[in-house]
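Heads up, the sequence shown is in this note's numbering, so the first residue is 210 and it goes up one at a time. We treat Cβ as the ideally placed atom computed from N, Cα and C, and that holds for glycine. This report refers to the structure that appears directly beneath it.
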Amino acid sequence: MNSPVRNPEIADLLDSGDAALYDVATHGPGPEGKLPLTDEFLRRRPSGDAFGMTEDAGMGWKPERLAGPPFVMLSTMGGLRADDGQPIALGHVMGHAVAAAMLTALRTRSANRSTRSWRRFAAGRGTTMT
Numbered sequence: 210m211n212s213p214v215r216n217p218e219i220a221d222l223l224d225s226g227d228a229a230l231y232d233v234a235t236h237g238p239g240p241e242g243k244l245p246l247t248d249e250f251l252r253r254r255p256s257g258d259a260f261g262m263t264e265d266a267g268m269g270w271k272p273e274r275l276a277g278p279p280f281v282m283l284s285t286m287g288g289l290r291a292d293d294g295q296p297i298a299l300g301h302v303m304g305h306a307v308a309a310a311m312l313t314a315l316r317t318r319s320a321n322r323s324t325r326s327w328r329r330f331a332a333g334r335g336t337t338m339t
C-alpha cells in the first residue's frame with residue numbers, strides 16, 4: 210500500500226536551519242591606487258567611461274591600466290581571469306539574445322562582405338551564422 214503524499218510546509222522548503230548561511234561578508238578592502246581621471250578625460254569622454262573604470266577597479270583591474278585603449282569583447286561569460294585570479298578582461302554578462310542581436314547588426318552593417326568571408330569572420334570567433 211502506498212503511503213500518503215505529504216505536502217511540505219513552505220518553511221521546510223526555504224529554511225535549512227543553518228544560521229551560518231546568514232553570516233555573509235558584505236564589504237571588504239577596496240583596490241589600491243587612484244583612477245587616472247584628468248581634466249580632459251572628464252570634459253571630453255562619456256560619463257560611462259568613468260563609471261566603467263570604477264567597476265573595473267572594483268573587480269581587480271589595476272587602476273594604472275584603466276586608461277588604455279577601449280575595446281569590445283562580445284561574450285556571454287562576462288570576463289576572463291588568469292589562473293591566479295587576476296583579471297585579464299572584464300565586462301558585463303550579456304544574454305545570448307543580446308549577443309545575437311549585436312551579431313545580427315554587425316552582419317547587416319557588413320552586407321558588402323561576401324557570404325563566405327562573413328562566415329569565416331563569425332566562425333573564427335566561435336559563432337556560427339548563415
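Cβ-Cβ distance between residue i and residue j below 8 Å
i: residue 244; j: residue 289; result: no
i: residue 246; j: residue 259; result: yes
Residues near residue i in its chain [Cβ-Cβ closer than 7 Å; skip 5 each side]
i: residue 297; result: 289, 290, 291
i: residue 232; result: none
i: residue 329; result: Per-residue confidence for residue 329 stands at a pLDDT of 48, beneath the threshold of 50, marking its modelled position as unreliable; the derived number appears in the next sentence. Excluding positions up to five away in sequence, the list is empty.
Presumed contact (8 Å Cβ cut-off) between residue i and residue j, rounded CB distance
i: residue 240; j: residue 272; result: 7 Å
i: residue 268; j: residue 299; result: 5 Å
Own chain partners of residue i with C-beta closer than 8 Å, once the 5 adjacent residues on each side are dropped
i: residue 277; result: none
Inset, instruction - Could you name each continuous alpha helix (DSSP H) segment of 4 residues or more that falls completely within the segment 245-301, going from the start of the chain to the end? - result: 248-253, 256-267
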